[in-house]
Amino acid sequence: MEYIAPLVLSVSLGGAAQAQQAPIPTVSELPAVHARDAEAPAREQQEPTEPPVDATETSAGSWLDRPVRNWNRPGAALPKPTKGEYEPTIDEQCKDSLRKGDGPEDTQVTQAGWSLFGSRQTYNDVTLVSGMSGADGMCRPFGYQVFIFVGGQFAGTIAPEPMASRMDGDAGPVSLFSDETLSVEFSRYKDTDPLCCPSGRTSVSYRIDREGAHPVLAPEEITPVSQP
Numbered sequence: 001m002e003y004i005a006p007l008v009l010s011v012s013l014g015g016a017a018q019a020q021q022a023p024i025p026t027v028s029e030l031p032a033v034h035a036r037d038a039e040a041p042a043r044e045q046q047e048p049t050e051p052p053v054d055a056t057e058t059s060a061g062s063w064l065d066r067p068v069r070n071w072n073r074p075g076a077a078l079p080k081p082t083k084g085e086y087e088p089t090i091d092e093q094c095k096d097s098l099r100k101g102d103g104p105e106d107t108q109v110t111q112a113g114w115s116l117f118g119s120r121q122t123y124n125d126v127t128l129v130s131g132m133s134g135a136d137g138m139c140r141p142f143g144y145q146v147f148i149f150v151g152g153q154f155a156g157t158i159a160p161e162p163m164a165s166r167m168d169g170d171a172g173p174v175s176l177f178s179d180e181t182l183s184v185e186f187s188r189y190k191d192t193d194p195l196c197c198p199s200g201r202t203s204v205s206y207r208i209d210r211e212g213a214h215p216v217l218a219p220e221e222i223t224p225v226s227q228p
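Structural data, given as structure tokens:
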């Protein structure tokens with residue numbers, strides 16, 4: 001650090017002020033400056049800050065806003081339900097609305113820990129089974145999935161994470177067009193939407209890939225039907 005010597009005014013006998021430069025002190029006479037004190041401002045500027053939380057990333061429907069990718073894998077095991085801290089359980093009054101299993105695909109879903117609901121759909125060797133892990137006060141499914149089977153083999157789910165009724169990413173009826181193609185419309189909610197009325201929907205089309213040893217469900221196209 002450069003030292004600037006102060007100017008000292010002296011008065012001569014004749015009364016005229018003269019400027020004299022004070023002698024430059026030696027290094028030993030300069031005030032000590034600790035390296036950590038000099039680096040403090042720079043260190044404070046470099047402190048990392050937490051990025052803001054994007055609410056859309058925490059939504060169960062946030063995958064509908066991203067490019068298409070397949071979360072299903074050939075030969076993967078059927079996923080088990082993972083109950084969240086605030087997920088409602090299935091009350092006794094809701095158990096009458098559950099479906100009793102009557103097929104091998106139903107058995108696979110219940111053995112994984114899911115409760116069956118809704119109707120089972122079939123098209124040739126393709127079967128759709130819906131399972132939930134909880135229900136709200138009106139017995140609407142909470143923490144649910146739709147499982148696709150081909151020839152009795154699990155081929156995948158229609159969404160990467162479990163869904164919930166009247167929340168962003170809630171699935172509508174599955175349209176099974178053939179033994180290779182299907183589509184689903186998902187509800188899209190804004191923060192200001194009432195639970196009854198999502199302001200948008202997004203359609204997802206799927207195909208069933210049968211080329212390998214294990215069939216797998218693959219999303220092909222994500223299309224906003226109406227923007228939320």
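Following this note's numbering, the numbering of the sequence shown begins with 1 at its first residue and continues without gaps.
C-beta: ideal position from N, C-alpha, C; glycine also.
Computed from a prediction, not measured in an experiment: that's the story for all the values here.
**Report entry** Chain-order list of residues whose beta-carbon lies under 7 Å from that of G61 (same chain, five-residue window excluded)
**Finding:** D168, G169, F186, R188
Query - Outcome for E220 when other beta-carbon atoms lying within 10 angstroms are tallied against a minimum of 16 - result: exposed
Report task. Within the same chain, show all residues whose beta-carbon is closer than 7 Å to that of T82, passing over the 5 residues directly before and after it, in chain order. Result -> none
Query - Spatial neighbours of F142 in its chain, beta-carbon cut-off 8 Å, leaving aside the 5 residues before and after - result: E87, P88, M132, S133, G134, A135, D136, A164, S165
Requested in this report: Using a Cβ-Cβ cut-off of 8 Å, state whether G113 counts as contacting chain B.
Outcome: No chain B is present in this structure, which holds just one protein chain.
Requested in this report: Return the CA-CA distance between V204 and P67, expressed in angstroms with no decimal places.
Outcome: 12 Å
Report task. Would you give the residue range spanned by the beta strand (DSSP E) that Q153 belongs to? Result -> 153–157
**Report entry** Distance, Q93 Cα to Y206 Cα
**Finding:** 35 Å
Query raised in the report: How many angstroms separate the CA atom of K95 from the CA atom of T110?
Result: 14 Å
Query raised in the report: Is T202 near the ligand SAH, judged by its Cβ being under 7 Å from some heavy atom?
Result: Absent from the structure shown: the ligand SAH. Ligands present: none.
**Report entry** Any alpha helix (DSSP H) of 4 or more consecutive residues that is wholly inside the stretch 143–213
**Finding:** none
Report task. With DSSP collapsed to three states, give me the class of P141. Result -> strand
**Report entry** Terminal residues of the beta strand (DSSP E) in which P224 lies
**Finding:** 216–226
Report task. Identify whether L98 lies in helix, strand or coil by the three-state DSSP scheme. Result -> coil
Requested in this report: Give a yes or no on whether the C-beta atoms belonging to L98 and D106 are separated by under 8 Å.
Outcome: no
Query raised in the report: For Q108, which residues of its own chain have a beta-carbon under 7 Å away from its beta-carbon, when the five flanking residues on both sides are left out?
Result: L78, F154
Report task. Work out the CA separation of L64 and T223 for me, nearest whole Å. Result -> 9 Å
Requested in this report: In angstroms with no decimal places, state the Cα-to-Cα distance between V225 and L176.
Outcome: 19 Å
Query - Nearest-angstrom beta carbon gap, V129 and F147 [assumed within contact, 8 Å] - result: 5 Å
Report task. Work out the CA separation of M138 and E161 for me, nearest whole Å. Result -> 22 Å
Query raised in the report: For T202, which residues from the same chain have a beta carbon less than 8 Å from its beta carbon, with the 5 sequence-adjacent residues on both sides left out?
Result: G61, L64, E185, F186, R188, I222, T223, P224, V225
**Report entry** DSSP bridge partner residues for L116 (one or two, in chain order)
**Finding:** G131
**Report entry** CA-to-CA distance, W114 to K100, given in whole angstroms
**Finding:** 12 Å
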